[in-house]
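Trainee:
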Amino acid sequence: MALAIFSFLSLLFFSGVADDEKDILFKWACIIKEAGQSEDILTNKNDIFLTPTMTFKFIFQPAKDTYLYFYHFTRHSGITLIFPYNESFSIKKNSRNEWFDVPRGSLYWMQLDPEQQEEEKFYLIASKIQLKELEKLTLNLQNSEDDTRNAQKKLLDGIMYLMKKNVNNLSIVEKPVPIAGIIKGKDNLVYAVEDMELYTKSITISLKKQELE
918 MALAIFSFLS LLFFSGVADD EKDILFKWAC IIKEAGQSED ILTNKNDIFL
968 TPTMTFKFIF QPAKDTYLYF YHFTRHSGIT LIFPYNESFS IKKNSRNEWF
1018 DVPRGSLYWM QLDPEQQEEE KFYLIASKIQ LKELEKLTLN LQNSEDDTRN
1068 AQKKLLDGIM YLMKKNVNNL SIVEKPVPIA GIIKGKDNLV YAVEDMELYT
1118 KSITISLKKQ ELE
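Take the position in the sequence shown, starting the count at 1, then add 917; the result is the number in the numbering used here.
Below you can see the structure in the form of structure tokens.
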């Protein structure tokens, strides 16, 4: 995964004002940007296919006191925590109605590496309670020097356990809702996840097949 820098300074300018959101846990979207295009694409799909010139980032806004955990995985680099930002994993409940973007900052975007030709997976976990065991596994990996492979496996197993635990919630409705601010999207919509104790989502991003031929 490569980080791309663009001079689109006003991408993330959000309003902190929210309507009655008692039935919403958090809002999110994946933003896709194509070089030379004036409009961005906002999506909540599980499988996203891009061209090598497309860049992307994720945005989140908790509507309630929520713990958000976001991981990136490839076969080449393994599993990595990419949110919360604090590398020491000193996590606390995220501020209500505050927007977070990954990568952090309007200049920074992610881009698939056409030479690697591998899909990239992202695991999103939201919880009303602090997932201390998940944090412990994450810290173990971050502090691991010799047995990194084992620490990677244990963390990935922990994430998969939560994914399976939440399998009964696969029919969750992610309702499109308007977003306040300056995002040059076609519909200016993000996706609201209904209120629940635990939410998980796996997102796969890969190059379009014709780009690999």
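Using N, Cα and C, we set each Cβ at its ideal position, and we do this for glycine too.
Is the segment 986-993 close to the segment 1038-1056, with three or more CB pairs under 8 angstroms?
Mentor: At 8 angstroms Cβ cutoff, the stretches touch.
Trainee: Would you check whether the ligand SAH has a heavy atom nearer than 7 angstroms to the C-beta of Phe987?
Mentor: Only the bare structure without any ligand can be found here, which leaves the ligand SAH out of the picture.
Trainee: Output the boundary residues of the alpha helix (DSSP H) element that contains Asp964.
Mentor: The sequence position of residue 964 within the sequence shown is 47, counting from 1. Here Asp964 belongs to no alpha helix (DSSP H); instead the beta strand (DSSP E) covers 964-967.
Trainee: For the beta strand (DSSP E) that contains Lys974, what are its first and last residues?
Mentor: Position 57 of the sequence shown, counting from 1, holds the residue named residue 974. Its beta strand (DSSP E) spans residues 971-979.
Trainee: Ends of the alpha helix (DSSP H) at Glu1052?
Mentor: For the purposes of this step, residue 1052 is taken as residue 135 along the sequence shown, with counting starting at 1. Looking at the DSSP string, the run of the alpha helix (DSSP H) that includes Glu1052 is 1049-1060.
Trainee: Give me the Cα-Cα distance between Lys944 and Gln978, rounded to the nearest whole angstrom.
Mentor: As a first step, residue 944 must be located in the sequence shown, where it is residue number 27. As a first step, residue 978 must be located in the sequence shown, where it is residue number 61. Taking the straight line joining both Cα atoms gives about 5 angstroms.
Trainee: Taking DSSP as the reference, what is the three-state secondary structure of Gln1033?
Mentor: Against the sequence shown, residue 1033 aligns to sequence position 116. Gln1033: coil per DSSP, three-state reduction.
Trainee: Under the three-state reduction of DSSP, which class applies to Leu1113: helix, strand or coil?
Mentor: Indexing the sequence shown from 1 puts residue 1113 at position 196. At residue 1113 the sequence reads Met, which differs from the Leu that was named. If DSSP states are grouped into helix, strand and coil, Met1113 belongs with coil.
Trainee: Could you tell me the alpha carbon to alpha carbon distance between Phe966 and Gln1034, rounded to whole angstroms?
Mentor: Position 49 of the sequence shown holds residue 966. Position 117 of the sequence shown holds residue 1034. In a straight line, the C-alpha of Phe966 is about 12 angstroms away from that of Gln1034.
Trainee: For the candidate residues Phe1000, Trp1026, Glu1032, Leu1024, whose alpha-carbon lies nearest to that of Phe1017?
Mentor: The residue given as residue 1017 occupies position 100 in the sequence shown. When each option's Cα is compared against that of Phe1017, the closest is Phe1000.
Trainee: What number of angstroms, rounded off, separates the C-alpha of Glu1091 from the C-alpha of Thr1117?
Mentor: In the sequence shown, the residue the question calls residue 1091 occupies position 174. In the sequence shown, the residue the question calls residue 1117 occupies position 200. Going by the C-alpha atoms only, they are around 12 angstroms apart.
Trainee: Just the C-alpha distance for Ser1123 and Glu1036, rounded to the nearest angstrom, thanks.
Mentor: Position 206 of the sequence shown, counting from 1, holds the residue named residue 1123. Position 119 of the sequence shown, counting from 1, holds the residue named residue 1036. The alpha-carbon atoms of Ser1123 and Glu1036 are separated by roughly 4 angstroms.
Trainee: Using a C-beta cutoff of 8 angstroms, does Glu1036 count as contacting chain C?
Mentor: The chain inventory of the structure shown lacks chain C, comprising one protein chain alone.
Trainee: What's the gap between the Cα of Thr991 and the Cα of Ile958?
Mentor: Numbered from its first residue, the sequence shown carries residue 991 at position 74. Numbered from its first residue, the sequence shown carries residue 958 at position 41. Taking the straight line from one Cα to the other gives about 24 angstroms.
Trainee: Mind checking Tyr1040: buried by the 16 CB within 10 Å criterion, or exposed?
Mentor: Within the sequence shown, the letter at position 123 stands for residue 1040. Buried.
Trainee: Exposed or buried, which one is Lys1081 when buried takes at least 16 other CB atoms within 10 Å?
Mentor: Walking along the sequence shown from the start, residue 1081 turns up at place 164. The residue in question, Lys1081, is exposed, as its Cβ has fewer than 16 Cβ neighbours within 10 Å.
Trainee: Cα-Cα, which of Gly1022, Ile941, Ser955, Pro969 is closest to Lys1126?
Mentor: Sequence index remark: in the sequence shown, residue 1126 carries index 209 (1-based). Taking only the C-alpha atoms, the option nearest Lys1126 is Pro969.
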